[in-house]
Each structure stands twice: as C-alpha cells, then as structure tokens.
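Colleague: Handing you a structure now.
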Amino acid sequence: MRRKIIAGNWKMNKTIVEAQALARAIKDKVGNVTAPVVLVCPPFTALTETAMLLKDSEIQLGGQNMHEAESGAFTGEISSEMLLTSGCAYVILGHSERREFFSESDKLVNAKTIKALEAGLIPIVCVGETLDQRESGDMKKVIEEQVTGSLDSLSESDMKKTVIAYEPVWAIGTGKTASPEQAEEVHVHIRTILAEKYGRETAEVVSILYGGSVKASNADGLFCKNNIDGALIGGASLKADEFSAVVNAMESAGG
Ligand code: PEP
C-alpha cells in the first residue's frame, strides 16, 4: 500500500507569528491523523517555531527548497542539514515556480534530489507541463524528460523513498484543476516511466501526488483515482479549514 500524503506549500507567506497561528489551527483539526501523512512546508524563517508547535502532533514538516551542496559560500541558500536540524523530514524540489523564476533545470533538481536523499530527507520532486506544451501535444514527452532528468541515477532503494508531485503549471494558483481523468492519465504515465526503469514493484510503491488548485470541493474526485496518492496544495493550505477538509477527504478515500 502506497503512503498517502497531503502536503501544504505555504510558499512566501506567513511571518513566524502567523505561521504559528496557522500551524496551531491545523494541529487542532488534524494533528492526530497518521494516514494520510499530513505535511506543512512553511518558509525557512518559520521552520523552527512551527516544528516546536507541532512536536506533540503527527504533522510533519518540510522545506520548500534547498541547495545541493553540503555547505559553503552560497549566499542566501539553505542546506539539507539546516532543514533536518530545523525539524524537516521532507523537502519540495523542482517546484514549477523554482523552475520558472529561478531557472532550475532537471539537472539541478537531480543534484538536489540526490543530496536530499543522502542527507536523509524525503524529496518531493515536482514535474508538470505548461498549457502550451499540453495544447501542442507535448505533455507526455515533457513529463518523461522531467521525470527521467530529475531522477537520473537514483538507486532503486532511493527511488522507493522519493515522492513525485505532478503539478500542471496551468493549474497552479489559477483555480483550474486538472480533471481527475486528466490527472490520473499523467500519474499512470509517470508510473509507467518508473516501471520501465526500475520495474513494476518499485513503481508501485512510489507515491505520486497531484497539485494544482486542490481544495475541499474537488478533492474527493481526485482521491478516488487509483494512482493519485495525495496532494501538494498551495493556496488552500493557507486556510486551516480548507486544508483539513482535504486531509479528511483523503482519510475517507482510504488514507
Ligand atoms: C503549488 O504551488 O504547489 C500549488 C499546487 O498551488 P495551488 O494549490 O495554489 O494551485
């Protein structure tokens, strides 16, 4: 049975005090939920205080990005060890906003993924096509390039630990969600790519999350699909009620 995960990506939102209030509200609602894994990814500045607040709950903490080097002269960056010692178990890598605004390539995402795994963090590696790529019929090719490039040279055991998030760029923050059928089609495509490289047994244990305007009202439809193992949520993760309702939808779908 694959691990189901509901992850909140708070992006560049929430001061420390605001993050504490949001974490407290989420903890009150779903702090005891173990299936699915409930994960929040606050900005770096709020990691430590959020970790302290969540320590007597089941909620996990993640970073939104990290550098691929161990340490050194990389002004403004954060390392895997810094995330780990701030309480993180997960890290989001290759989010489309990192790819678009910070020019992150598959090669760079691959280096970060390898470093995260080496450090003991669980990487959530994001892939997804733009609207142009979908409309020009290139969606499958783009996804294949991103999956194989971002996960290049991972061992079978590292692959099993890695989480993939399919996030169509045209659905992020736009209010447009991929239909459950559109999302399922891409998740099956990703699992097939993994099966070709690692074999069916490995492909079957990798959790593949969907992301793109997920909220309480569309969660049920997505979570009843066989290959959708949870969600990576932006906007709706900033509202405790909405985020918790998505967690509850995953619980009802079989956690
Ligand atoms: C995201 O940024 O990962 C995301 C899916 O955002 P939203 O839920 O707001 O579309």
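Heads up, the sequence shown is in my numbering, so the first residue is 2 and it goes up one at a time. Cβ coordinates follow ideal geometry from the N, Cα and C atoms, glycine included.
Just to confirm, does Gly-174 get its C-beta within under 6 Å of one of the non-hydrogen atoms of the ligand PEP?
Modeller: Gly-174 Cβ: within cutoff of the ligand PEP.
Colleague: Considering only the beta carbon of each residue, do Gly-73 and Cys-89 sit closer than 7 Å?
Modeller: Their beta carbons are not under 7 Å apart, which means Gly-73 does not touch Cys-89 by this criterion.
Colleague: Should Asn-66 be counted as a contact of the ligand PEP given a C-beta to heavy atom distance under 6 Å?
Modeller: No.
Colleague: Taking only three categories from DSSP, how would you classify Ala-237?
Modeller: Here Ala-237 sits in helix by DSSP.
Colleague: What number of angstroms, rounded off, separates the C-alpha of Gly-176 from the C-alpha of Tyr-211?
Modeller: Cα to Cα, the separation comes out at about 14 Å.
Colleague: So, is Met-67 buried or exposed, given that buried needs 16 or more other C-beta atoms within 10 angstroms?
Modeller: Under this definition Met-67 is a buried residue.
Colleague: Provide the residue span of the beta strand (DSSP E) that contains Pro-181, from first to last.
Modeller: Element bounds for Pro-181: not the beta strand (DSSP E) but the alpha helix (DSSP H), 181-199.
Colleague: Could you check whether the Cβ of Ser-214 sits closer than 6 Å to any heavy atom belonging to the ligand PEP?
Modeller: Under cutoff, so the answer is yes.
Colleague: Which residue wins for smallest C-alpha separation from Trp-171, given the options Leu-195, Asp-133, Ser-154, Leu-23?
Modeller: Of the candidates Leu-195, Asp-133, Ser-154, Leu-23, the one whose C-alpha sits nearest the C-alpha of Trp-171 is Asp-133.
Colleague: Based on the DSSP secondary-structure assignment, which residues constitute the bridge partners of Leu-62?
Modeller: Per DSSP, Val-41.
Colleague: Flag this pair as yes or no: are the beta carbons of Ser-245 and Asp-230 separated by less than 7 Å?
Modeller: For Ser-245 and Asp-230, no; Cβs fall outside 7 Å.
Colleague: Going by the C-beta, is Leu-233 closer than 6 Å to any heavy atom of the ligand PEP?
Modeller: Answer for Leu-233: yes, Cβ within range of the ligand PEP.
Colleague: Ordered along the chain, which non-local residues of its own chain (more than five positions away) have a Cβ less than 8 Å from that of Val-206?
Modeller: Cβ within range, chain order: Arg-3, Lys-161.
Colleague: Using the Cβ count rule (16 or more neighbours within 10 Å means buried), how would you classify Gly-213?
Modeller: Counting Cβ neighbours within 10 Å, Gly-213 comes out buried, since at least 16 surround it.
Colleague: Please say whether Ala-8 and Ile-233 have beta carbons closer to each other than 7 Å?
Modeller: One detail in the question is off: residue 233 reads as Leu in this sequence, not Ile. Yes.
Colleague: Name the residue from Leu-48, Ala-70, Glu-71, Ala-120 whose alpha carbon lies nearest to the alpha carbon of Ile-60.
Modeller: For the residues Leu-48, Ala-70, Glu-71, Ala-120, the minimum Cα distance to Ile-60 belongs to Leu-48.
Colleague: Shorter than 6 Å, the distance from the beta carbon of Asn-249 to the closest heavy atom of the ligand PEP, or not?
Modeller: No; taking the cut-off as 6 Å, the Cβ of Asn-249 has no heavy atom of the ligand PEP nearer than that.
Colleague: Using only CA atoms, which one of Leu-122, Lys-141, Ser-151, Ile-17 lies nearest to Ser-80?
Modeller: Closest option to Ser-80, Cα to Cα, is Leu-122.
Colleague: Are Leu-85 and Lys-113 closer than 7 Å when you measure CB to CB?
Modeller: Cβ atoms of Leu-85 and Lys-113: not closer than 7 Å.
Colleague: Can you tell me whether Met-140 is buried or exposed? The criterion is at least 16 other CB atoms within 10 Å of its CB, across all chains shown.
Modeller: Buried, because 16 or more other Cβ atoms sit within 10 Å of the Cβ of Met-140.
Colleague: Count the other CB atoms, across all protein chains shown, that sit within 10 Å of the CB of Lys-5; report buried if there are 16 or more and exposed otherwise.
Modeller: With 16 or more Cβ atoms within 10 Å of its Cβ, Lys-5 is classed as buried.
Colleague: What does DSSP give as the partner residue(s) for Pro-124 in the beta ladder?
Modeller: In DSSP, Pro-124 forms a bridge with Val-92.
Colleague: Is the CB-CB distance between Glu-69 and Lys-116 below 7 Å?
Modeller: Going by C-beta atoms, Glu-69 is nearer than 7 Å to Lys-116.
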